[in-house]
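Undergrad: To start, I am sharing the structure in question, which I have written as structure tokens.
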Amino acid sequence: MLAEVIPLRNLPRGRGVYTYKIPLGLERNFNVGQIVDIPFQKKTIQGVVSELKHGESGDNIREVGSVVNPTPFLGEGQLAMLAEIGALYGTPISTLVKMSLPAYRRKKFQQTVLADAPPTTTPAIRDPRYFLYKNSETHASAIAANSIGNTLILAPRIQNIREILDVLPREQRDRAIIWHSELREKEQFENWIKIRNGDYNLIVATRGGVFLPFFHLDNVIVDFEHDENHKHWDQAPRFNAKDIATILAGRFGAEYTEMSYSPSVEAYYSVHRRGWRATDFNFSSVDEKKDTYGAIPPVIYQSIPDKNNFLPFSAQKQIQRVASSAGEDKDIFILLNRKGFASGLICRLCGWTESCNICKLPMKYHDQDNVMKCFYCKTSQPVPAVCGRCASPLVRLFGPGIERIASEVKKMSEKFNYDIITIDSESSTSLVGDRPVIIVGTDAAMAEVRWDRVALIVYLGIDRELNIPEFNASERVWHKIREIQYRKNPNAVLILSANQTANAIFKSLLEPDRMYRIDLNARRKADYPPYRRIVKFFYGNPDRKITESEATALAERLKTELTKMKNESILIYPIEMHPFYYRGRYWQAIIIKFATSVTDREIADINRVVPDSWKIDFNPISLLSP
């Protein structure tokens with residue numbers, strides 16, 4: 006008798022399962038889902054049994070060693086789901102199985118008592134639901150209405166888990182099982198065992214929670230569904246938790262629900278065009294005297310700086326107004342999604358810019374360290390005194406970052422009792438005490454802001470974010486504005502500083518439907534989701550010519566495969582990524598815009614012709630970034 010075994014190793018894409026011979030003494034107690042010892046290369050490692058089959062074993066087939074635990078750790082249903090996911094995302098099942106198990110400790114695994122795995126069923130598929138909430142009260146009621154029975158709630162960030170727990174009734178909160186990457190190993194193992202044995206009613210997890218060994222589920226909820234952190238974008242498998250959550254709900258016949266205070270463009274489309282059930286989704290218009298979430302609507306100013314500062318005069322005036330309010334210990338938050346002191350260094354004579362020696366991209370100036378830093382590879386180098394091309398001394402900083410804005414604010418507020426704090430993804434802080442602060446930060450700062458104390462929010466650099474060449478750039482800005490509106494107190498003033506004040510985003514603040522209609526129309530004309538299913542294949546090599554030749558060869562091969570499919574899918578030939586040169590490699594991407602009628606199985610068939618050296622990103626959130 007033979008066994009197909011999945012090694013608990015990260016393996017190349019085409020090698021996820023290996024065949025072993027079952028020793029005669031183990032055949033009776035050998036089951037799918039068990040963890041067993043297997044010889045692998047020159048070591049003994051662990052693997053998960055995925056299939057049992059009758060057949061003759063050749064001389065070159067090695068034997069399974071001992072069974073670590075007689076009870077299966079993973080059920081057949083979960084293994085089948087992982088195989089489906091692996092094919093769709095171009096990831097070997099061995100990687101996914103490893104992600105589905107806690108950190109391996111042999112003694113713990115041997116001594117663990119497990120319930121029998123639930124039988125595989127074929128349940129009915131239900132129509133998805135959507136809940137739009139506008140405050141913590143309606144958020145709590147939305148969760149309560151959708152968490153009757155065994156429930157999984159997926160959150161994009163760890164801080165969102167805490168937010169969800171805060172709106173739950175105490176009894177429900179105390180019983181909830183938490184799952185995220187920062188749990189201690191012991192706590193992860195204990196929670197995993199509880200879930201595996203069906204000892205749960207409510208699980209609140211980040212995106213990795215979709216791989217937990219669920220016994221049964223009645224509800225699957227994706228909260229804050231608009232947040233891009235539901236996407237595992239930086240390494241394989243580049244899965245979107247929403248995609249897998251729908252598969253998971255279908256496996257158990259569970260209710261699938263998405264909810265947010267700011268629906269994604271795809272969710273809006275699903276409610277209006279795909280027949281999703283929706284609760285309180287009518288936000289076609291808003292009272293002109295107040296915005297959706299607060300008493301004071303945003304104030305939109307053109308971002309015209311004065312001659313001495315990058316901070317617009319309108320923002321300066323409002324900061325001085327709030328800071329000078331006697332007895333008002335109120336925070337101020339200035340949002341600018343740009344790190345460092347300045348975007349870079351430029352020669353005013355010849356246009357030369359200081360670039361990273363590795364990534365070949367402009368470096369940012371950091372005032373605190375007085376160095377030029379690369380955002381991508383984190384290298385730094387001294388600030389040049391003269392132009393690197395023409396040796397001119399006329400080199401100047403351009404494009405202000407949060408450090409530059411902080412320095413300007415500091416000069417303005419010296420007479421006020423404020424601490425100035427800069428926060429980005431590399432330097433966060435926890436605010437303590439009652440002393441008022443002015444926070445100047447990137448998106449990362451939004452998790453640290455004391456929203457109940459903020460009297461003024463200034464959002465800078467909107468034009469730059471809107472002009473990023475990505476199909477979802479406008480949607481990203483929209484969600485950021487809506488998050489500020491949702492979290493700020495009703496009396497806080499929000500200033501949106503931009504030159505493109507005629508943009509649909511600003512015209513839609515009192516008529517949200519407008520933004521969605523305009524964005525969907527643009528996506529329909531350009532063949533972007535939700536009107537297409539997109540897969541991005543990308544590859545990098547230290548030799549530019551090799552990158553280009555490999556990309557051209559694969560594009561031709563994919564063209565042939567798409568011709569066989571006989572549908573209206575669109576192949577976009579190799580394009581340079583941004584950055585083109587990143588971490589010592591030149592990068593190119595191939596994009597396929599599949600027709601919505603193309604199935605997951607057909608996409609998986611296309612993935613199989615892609616070499617292991619290429620990365621696969623199904624349903625990407627960026628088309629240009631590696």
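Okay, so the sequence shown: first residue is 6 according to our numbering, each after it adds one. The beta carbon of each residue, even a glycine, is placed where N, CA and C say it ideally should be. Given the structure is predicted, the values throughout are model-derived calculations rather than measurements.
Applying the 10 Å Cβ sphere with the 16-neighbour rule, what's the burial state of V54?
TA: Mapped onto the sequence shown, residue 54 falls at position 49. Buried is the call here.
Undergrad: Pick helix, strand or coil for K295, following the three-state DSSP scheme.
TA: The residue labelled residue 295 in the question sits at position 290 within the sequence shown. Low per-residue confidence applies at K295: pLDDT is 46, beneath 50, and the placement is therefore not dependable, though the value from the model is reported in the following sentence. Coil, per DSSP.
Undergrad: Ends of the beta strand (DSSP E) at R278?
TA: Taking the sequence shown and counting its residues from 1, the one referred to as residue 278 is at position 273. Looking at the DSSP string, R278 is not in any beta strand (DSSP E); the run it does join, the alpha helix (DSSP H), is 270–278.
Undergrad: If you compare alpha carbons, which of G95, G38, Q46 is closest to V73?
TA: Along the sequence shown, read from residue 1 onward, the residue named residue 73 stands at position 68. Checking every option, the nearest Cα to that of V73 belongs to G38.
Undergrad: Does A102 pass the burial test, meaning 16 or more other C-beta atoms within 10 Å, or should it be called exposed?
TA: Position 97 of the sequence shown, counted from the start, is the residue given in the question as residue 102. It is Val, not Ala, that sits at residue 102 in the sequence shown. So V102 ends up on the buried side.
Undergrad: From the DSSP output, which residues share a beta bridge with D336?
TA: Working through the sequence shown from its first residue, we reach residue 336 at position 331. Answer by DSSP bridge pairing, in chain order: V459.
Undergrad: Assess contact between the region 505–522 and the region 449–465, defined as three or more Cβ pairs (one per stretch) separated by less than 8 Å. Is contact present?
TA: Because the criterion of three Cβ pairs below 8 Å is not met, the region 505–522 and the region 449–465 do not touch.
Undergrad: If we ignore side chains and look at the alpha-carbon of each, how far apart do G589 and C355 end up?
TA: In the sequence shown, the residue the question calls residue 589 occupies position 584. In the sequence shown, the residue the question calls residue 355 occupies position 350. About 27 Å.
Undergrad: With a floor of 4 residues, list each alpha helix (DSSP H) that falls wholly inside the region 111–190, ordered by position along the chain.
TA: DSSP runs (the alpha helix (DSSP H)) wholly in the region 111–190: 111–116, 141–151, 163–172, 175–180.
Undergrad: On a Cα-Cα basis, can you pick out the residue from G349, I90, E32, D518 that is closest to A609?
TA: Within the sequence shown, the letter at position 604 stands for residue 609. Nearest C-alpha to A609: I90.
Undergrad: Do I407 and L341 have their CB atoms nearer than 7 Å?
TA: As a working note, residue 407 is residue 402 in the sequence shown. As a working note, residue 341 is residue 336 in the sequence shown. Result yes, Cβ atoms of I407 and L341 sit closer than 7 Å.
Undergrad: Within 10 angstroms of the Cβ of G19, are there 16 or more other Cβ atoms? Answer buried if so, exposed if not.
TA: The sequence position of residue 19 within the sequence shown is 14, counting from 1. Looking at its Cβ environment, which holds fewer than 16 other Cβ atoms inside 10 Å, G19 is exposed.
Undergrad: For L402, write down the residues that DSSP places opposite it in a beta bridge.
TA: The sequence position of residue 402 within the sequence shown is 397, counting from 1. DSSP output for L402 lists L350 as bridge partner(s).
Undergrad: Using three-state DSSP, classify Q83 as helix, strand or coil.
TA: Mapped onto the sequence shown, residue 83 falls at position 78. Helix.
Undergrad: Beta-carbon within less than 7 Å of H221's beta-carbon, same chain only, minus the 5 sequence neighbours each way: which residues are those?
TA: Within the sequence shown, residue 221 is the residue found at index 216, counting from 1. Closer than 7 Å at Cβ, skipping near neighbours: P123, N155, G203, F257.
Undergrad: What does DSSP give as the partner residues of H371 in its beta bridges?
TA: Stepping through the sequence shown from its first residue, residue 371 is reached at position 366. V376.
Undergrad: Note down the Cα distance separating R394 from N375, rounded to an integer number of angstroms.
TA: Taking the first residue of the sequence shown as 1, we reach residue 394 at position 389. Taking the first residue of the sequence shown as 1, we reach residue 375 at position 370. Answer to the nearest angstrom: the Cα atoms are 21 Å apart.
Undergrad: Less than 7 Å between the beta carbons of V445 and A411, yes or no?
TA: On the sequence shown, position 440 is the one that residue 445 refers to. On the sequence shown, position 406 is the one that residue 411 refers to. Yes; because the gap between Cβ atoms is below 7 Å, this pair is in contact.
Undergrad: Where E566 and P367 are concerned, what is the direct C-alpha to C-alpha distance, given to the nearest angstrom?
TA: For the purposes of this step, residue 566 is identified with residue 561 of the sequence shown, where counting begins at 1. For the purposes of this step, residue 367 is identified with residue 362 of the sequence shown, where counting begins at 1. Cα-Cα distance, rounded: 39 Å.
Undergrad: Just confirm the distance between the C-beta atoms of Y135 and E263, as a whole number of angstroms; I'd bet it's less than 8 Å.
TA: For this step, residue 135 is matched to residue 130 along the sequence shown. For this step, residue 263 is matched to residue 258 along the sequence shown. Going by Cβ atoms, the distance from Y135 to E263 rounds to 5 Å, so yes, they are a contact pair.
Undergrad: For the alpha helix (DSSP H) that contains L222, what are its first and last residues?
TA: By one-based count along the sequence shown, residue 222 stands at place 217. Counting along the chain, L222 falls outside any alpha helix (DSSP H), and DSSP gives it neither H nor E.
Undergrad: Taking contact to mean 3 or more Cβ pairs, one atom from each stretch, closer than 8 Å, check whether the region 315–325 and the region 162–174 are in contact.
TA: Too few Cβ pairs lie closer than 8 Å, so no.
Undergrad: Would E475 and S627 qualify as a contact pair, given that the criterion is a beta-carbon distance under 7 Å?
TA: In the sequence shown, counting from the first residue as 1, residue 475 sits at position 470. In the sequence shown, counting from the first residue as 1, residue 627 sits at position 622. Yes, the Cβ-Cβ distance between E475 and S627 is below 7 Å.
Undergrad: Tell me, please, which residues DSSP counts as bridged to P387.
TA: Along the sequence shown, one-based indexing puts residue 387 at 382. P387 is bridged to V376.
Undergrad: Skipping 5 residues on each side, what residues in its chain have a beta carbon closer than 7 Å to that of H185?
TA: Residue mapping note: residue 185 aligns to position 180 of the sequence shown, counting from 1. Excluding positions up to five away in sequence, the list reads I163, I166, A210, T211.
Undergrad: Output needed for Y578: all residues of its chain with C-beta closer than 6 Å, excluding positions within five of it in sequence on either side, in chain order.
TA: Your numbering for residue 578 matches position 573 in the sequence shown. Contacts found: A560.
Undergrad: Rounded to the nearest angstrom, what separates P77 and F35 at their Cα positions?
TA: For this step, residue 77 is matched to residue 72 along the sequence shown. For this step, residue 35 is matched to residue 30 along the sequence shown. Looking at the two C-alpha atoms, the distance is approximately 9 Å.
Undergrad: Can you list, in chain order, the residues of its chain with a C-beta nearer than 6 Å to that of V391? Leave out the 5 residues immediately preceding and following it.
TA: The residue labelled residue 391 in the question sits at position 386 within the sequence shown. P398, listed in sequence order.
Undergrad: Count the CB pairs spanning the region 179–194 and the region 221–231 that are closer than 8 Å, and state whether there are at least three.
TA: Output reads no: the region 221–231 does not touch the region 179–194.
Undergrad: Could you tell me whether the Cβ atoms of V22 and G52 are closer together than 7 Å?
TA: Residue mapping note: residue 22 aligns to position 17 of the sequence shown, counting from 1. Residue mapping note: residue 52 aligns to position 47 of the sequence shown, counting from 1. No, Cβ-Cβ distance for V22 and G52 is not below 7 Å.
Undergrad: In terms of alpha-carbon separation, which member of N206, V270, A497, D334 lies closest to N526?
TA: Within the sequence shown, the letter at position 521 stands for residue 526. The option with the nearest alpha carbon to N526 is V270.
Undergrad: Which residue marks the beginning of the beta strand (DSSP E) containing Y491, and which one marks its end?
TA: Mapped onto the sequence shown, residue 491 falls at position 486. It is not in any beta strand (DSSP E) - Y491 instead sits in the alpha helix (DSSP H) that spans 478–492.
Undergrad: Pick helix, strand or coil for H231, following the three-state DSSP scheme.
TA: Here residue 231 corresponds to residue number 226 of the sequence shown, with the count starting at 1. In the structure shown, H231 sits in coil (DSSP, three-state: anything other than H, G, I, E or B).
Undergrad: Since R528 and T601 should fall inside the 8 Å C-beta cutoff, what is the C-beta to C-beta distance between them, to a whole number of angstroms?
TA: Translated into positions along the sequence shown, residue 528 becomes position 523. Translated into positions along the sequence shown, residue 601 becomes position 596. Incorrect: roughly 12 Å between the Cβ atoms, too far for contact.
Undergrad: So who's on the other strand from G446, going by DSSP bridges?
TA: The sequence position of residue 446 within the sequence shown is 441, counting from 1. Answer is L340, I428, bridged to G446.
Undergrad: In chain order, what residues of the same chain have a beta carbon less than 7 Å from the beta carbon of Y423, not counting five sequence neighbours either side?
TA: As a working note, residue 423 is residue 418 in the sequence shown. A328, P441, V442, I443.
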